[in-house]
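Chemist: Heads up, the final residue of the sequence shown is numbered 1690 in the working numbering, and it's a clean run with no missing numbers.
Every residue, glycine too, gets a C-beta built ideally from N, C-alpha and C.
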Amino acid sequence: MQKTAVITGANSGMGFATAVSLARRGYAVCMLCRSEERGTQALKEAKQQSGSENIHLYVCDLASFTSIHTCAEALKAQHPTIDVLINNAGIVTTKKQFTADGLEMMMGVNHLGHFLLTNLLLEQIKAAPQGRVVVVSSGAYKIGKINLDDLGGAESFTPWQNYGHSKLANLLFTKELSLRLHHSNATVNAVHPGAVSTSLGVDRQSGFGKKIHQLLRPFFQSPADGADTALYLAESSEVQHVSGGYFYKRQIQDVRGQADDAELAKQLWAISERKVGLTV
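1) Per DSSP, which residues does residue 1466 bridge with? Please list them.
2) Rounding to the nearest angstrom, what Cα-Cα distance links residue 1530 and residue 1473 in this structure?
3) Quick check on the burial criterion: 16 or more other C-beta atoms within 10 angstroms. Buried or exposed for residue 1661?
4) Run through the DSSP bridge pairs and tell me what residue 1546 is partnered with.
5) Flag this pair as yes or no: are the beta carbons of residue 1544 and residue 1413 separated by less than 9 Å?
6) Under the three-state reduction of DSSP, which class applies to residue 1649: helix, strand or coil?
7) Among the candidates 1528, 1689, 1659, 1492, whose CA atom is the shortest distance from the CA of residue 1641?
8) Could you check which residue in 1527, 1489, 1445 has the C-alpha nearest to that of residue 1583?
9) Going by DSSP, what residue range makes up the beta strand (DSSP E) through residue 1497?
10) Taking only runs that begin and end inside the segment 1496–1583, name each unbroken alpha helix (DSSP H) of 4 or more residues, in chain order.
11) Residue 1657 bridges to which residues according to DSSP?
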């Protein structure tokens, strides 16, 4: 039976490389992209590069709960089981911005959007023989801090710190979800991809984004190299029974500080449920 993989942020960078790799390996690939125009172009290129026609585009704006619900309903209608969900999309904003639902943009997209999408698809993931969720986090979690009273830090905004908050939230989400999946065959693991030369929603042409890109360019891997560990977590039998881990270069890593706080993970989950409208 053919396996199905769902990938967010699949029109460029690591997400695109992941989509092409899984399509080559025989998966039915669902590319989730915010822009229909960019997604359509990426879909065409992915089919050419992979030699597979079994790749499909779904428009999904992770900054809009309405868009996420619409996308999830379309996915569920066409895919009763989902073998792999890769929460890859991520953004850095240099100025304070808000989602369609009034949430700070980085926490809204990087954590809460994926939180909602994953929960909406959870029954399909658990219905697969061995469903896997892969959460793309970052070593930037070390500069993040979760303030449950100001989730996302909208009141005090600095770009990289707020990005760190959202990446820390990814790890806490992974930790709590692994507990909730304990009695199923599904697993969830997080990955630090390393510095990947990808669009990440930063304007490289001017100001902050340009400086950061110039500074980090010597350390960048290709998107395909960055995708390697995510693909390993999606496919390898070596991690078939591993859940709740944080991986870098195919090796499980210790996490520090708040990222290892099980009680905080539980509290963040409850608040996230309310923020995205899953509970009142």
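Modeler: Reading it off the structure:
1) 1440
2) 16 Å
3) exposed
4) 1601
5) Result no, Cβ atoms of residue 1544 and residue 1413 do not sit closer than 9 Å.
6) Three-state result, residue 1649: helix.
7) 1659
8) 1527
9) 1494–1497
10) 1524–1537
11) 1601, 1662
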